[in-house]
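Below is one structure, written out as structure tokens; the observations come after it.
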Amino acid sequence: MLLMPTLFRDKQSKEPPVSSNHDRHSSPEALELESAPETTPESPMSTTSVDTHADRHKKRQQKVKLAVDAKIAAAQDRKGILLVLTGNGKGKSTSGFGTVARAVGHGHKAGVVQFIKGNWECGERNLLEGAGVKFHVMGTGFTWDTQDKAKDTAAALEAWQAAEVMLKDERLNVVMLDELTYMISYHYLPLERVIEALNNRPSMQHVIITGRSCHRTLIELADTVSEIVAVKHAFDNGIAAQEGFDY
């Protein structure tokens, strides 16, 4: 009788533990192992797994290619694009100037009107003006520096006259209106006059508008709109704007 528990324990120790269904299916790794084909010396698991993954990847990419090719085939129209770059994040003007630089790289002609930047040295202007890009700078700088609405309005109207000349020039493939949105938000420029000039520009002329708080009418008129969101900004942590990186 004293040997019975020992024998029972020995019997228990020889039986393999039984896993529940929950244990077997509780992880993606377990499911993958269950569904994996039985391995043999002729077909090791690593090769089979890699081949299967490669096949799945190839099929997915084939579907993507078909979808992309279909969109490319359907997009046959060509026209001047109105691009709006708005939002409270850094990079709106930078993105716009990148597009201007791309146009210049293809031998296209471009013009830029800057409504806010002032007369200080600008790296983009240093580079692009030397490549033949026309620049007109409003010159008064930030409106919170001047604190003179009449002066700012007069300067904005003068800059807009230069913009209207560019928007009528069929030789210009791209026109960038940097920080134009502020001129409308502060009521320095009449929205109707801006819309009229955009609608009457040469049919193949591309226009880039940058700035925060873009008016809804301009967004509706635009062909492409990108909103740049501020997730984090160095200036908020006391880091000053730096030459060659911020301007």
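Each residue of the sequence shown is one higher than the one before, counting from 21 in our numbering.
Glycine residues also receive a C-beta, built at the ideal position from the N, C-alpha and C atoms.
(request) Taking only runs that begin and end inside the segment 105 to 166, name each unbroken beta strand (DSSP E) of 3 or more residues, in chain order. (result) Entirely contained in the segment 105 to 166, the beta strand (DSSP E) runs reaching 3 residues are, in chain order, 130 to 134 and 154 to 157.
(request) Compute the Euclidean distance between the alpha carbons of Glu141 and Tyr267, then round it to the nearest angstrom. (result) When only Cα atoms are considered, Glu141 and Tyr267 end up about 8 Å apart.
(request) Excluding the 5 residues preceding and the 5 following Arg191 in the sequence, name in chain order all residues of the same chain whose CB lies nearer than 8 Å to its CB. (result) The answer, listed in chain order, is Lys129.
(message) I'd like to know if the segment 145 to 153 and the segment 224 to 239 are in contact, where contact means that at least 3 CB-CB pairs between them fall below 8 Å.
(response) The segment 145 to 153 is not in contact with the segment 224 to 239.
(message) By the three-class DSSP mapping on this structure, what secondary structure does Arg75 have?
(response) One point to set straight first is that residue 75 is Asp, not Arg, in the sequence displayed. Per DSSP, reduced to three states, the secondary structure at Asp75 is helical.
(message) With a threshold of 8 Å, are at least 3 pairs of Cβ atoms found where one atom belongs to the segment 192 to 200 and the other to the segment 130 to 137?
(response) Remark: three or more beta-carbon pairs, one from each stretch, lie closer than 8 Å, so the segment 192 to 200 and the segment 130 to 137 are flagged as touching.
(message) Excluding the 5 residues flanking Leu238 on each side, which residues of the same chain have their C-beta closer than 7 Å to its C-beta?
(response) The residues are Val104 and Ile229.
(request) Return the Cβ separation of Leu86 and Ala242 in integer angstroms, given the expectation that the two are a contact with Cβ distance under 8 Å. (result) 30 Å between Cβ atoms; not a contact.
(message) According to DSSP, is Glu184 part of a helix, a strand, or is it coil?
(response) When secondary structure is reduced to three states using DSSP, Glu184 falls in the helix class.
(request) Count the C-beta pairs between the segment 176 to 191 and the segment 118 to 127 that are closer than 8 Å, then say yes if the count reaches three, no if not. (result) Segments in contact, no.
(message) If you follow the beta strand (DSSP E) that Met196 is in, where does it begin and where does it stop?
(response) Secondary structure note for Met196: its beta strand (DSSP E) is the uninterrupted segment Val194 to Asp198.
(message) Using only the alpha-carbon positions, how far apart do Gly111 and Val251 sit?
(response) Each residue's Cα considered, the two are about 12 Å apart.
(message) Do Thr114 and Cys234 count as a contact pair if the criterion is CB distance below 8 Å?
(response) No, they are not a contact pair.
(message) Does Leu218 pass the burial test, meaning 16 or more other C-beta atoms within 10 Å, or should it be called exposed?
(response) That one is buried.
(request) Give the DSSP-derived three-state secondary structure of Val84 in the structure shown. (result) For Val84, the three-state secondary structure derived from DSSP is helix.
(request) State the Cα-Cα distance for the pair Val84 and Ala94, rounded to the nearest angstrom. (result) Those two C-alpha atoms are separated by around 15 Å.
(message) Quick check on the burial criterion: 16 or more other C-beta atoms within 10 angstroms. Buried or exposed for Gln225?
(response) The residue in question, Gln225, is buried, as its Cβ has 16 or more Cβ neighbours within 10 Å.
(request) Determine the contact status of Ala176 and Met203, defining contact as a CB-CB distance below 8 Å. (result) Yes; because the gap between Cβ atoms is below 8 Å, this pair is in contact.
(request) Check the C-beta distance from Asn108 over to Val249 and give it rounded, since I have them as a contact under 8 Å. (result) Confirmed, about 7 Å.
(request) Consult DSSP for Ser249 and reduce its assignment to one of helix, strand or coil. (result) First, the amino acid is wrong: residue 249 is Val here, not Ser. Reduced to three states, the DSSP call for Val249 is coil.
(message) Please state whether the Cβ-Cβ distance between Asp172 and Tyr208 is less than 8 Å.
(response) In contact: Asp172 and Tyr208 (Cβ atoms closer than 8 Å).
(request) Counting only the same chain and skipping the five closest in sequence on each side, list residues whose C-beta sits under 7 Å from that of Asn41. (result) Since pLDDT at Asn41 reaches only 45, below the 50 mark, its modelled position is unreliable, and the value read off the structure follows with that caveat. Correct list: empty, nothing qualifies.
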